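**Q**
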Amino acid sequence: LLEPGDTVSDQSANARLFYLDTISLSFIGGARDLVLTPAGTEEIAFGPQRLDLTNGNLYQLFITDSAGGGLPIEVVLEDDFRP
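For the sequence shown, the working numbering assigns the number 1236 to the initial residue and increments by one for each residue that follows.
Right, here's the structure in full:
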């Protein structure tokens, strides 16, 4: 997750994900840009997608390839992202 206006060059990875990984991260509320890159590169595979986070809320993201496999990457937002 990037601060608005930051680029992948400005930040190191928040998380390194592998096949079937589940992780938990904590962030202070506010606007963030979700960006996904292949490991070891600054090439953007997904995003940026603006996320507005509120302190105390629980957010789940499911990251998957497209139906049938491959690109584009799809991100499904659940829980407190939904009204």
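All C-beta atoms in this analysis are idealised placements derived from N, C-alpha and C, irrespective of residue type, glycine included. What you are looking at is a predicted structure, and each value in this text was computed from that prediction instead of being measured.
Thinking P1239 and A1266 are a contact (beta carbons under 8 Å), I'd like their distance in whole angstroms, please.
**A** About 5 Å; that satisfies the 8 Å criterion.
**Q** Can you tell which of S1247, L1286, L1312 has its C-alpha closest to the C-alpha of P1273?
**A** Ranking S1247, L1286, L1312 by Cα distance to P1273 puts S1247 first.
**Q** Quick check on the DSSP output: the beta strand (DSSP E) that includes V1243 runs from which residue to which?
**A** No beta strand (DSSP E) contains V1243, which DSSP labels as neither H nor E.
**Q** Could you round the C-beta distance between G1264 and T1289 to whole angstroms and report it? I think they count as a contact, below 8 Å.
**A** Yes, G1264 and T1289 are in contact; Cβ-Cβ is about 5 Å, under 8 Å.
**Q** Considering only the alpha carbon of each residue, which of D1241, D1287, I1308 lies closest to F1297?
**A** Answer by Cα proximity: I1308.
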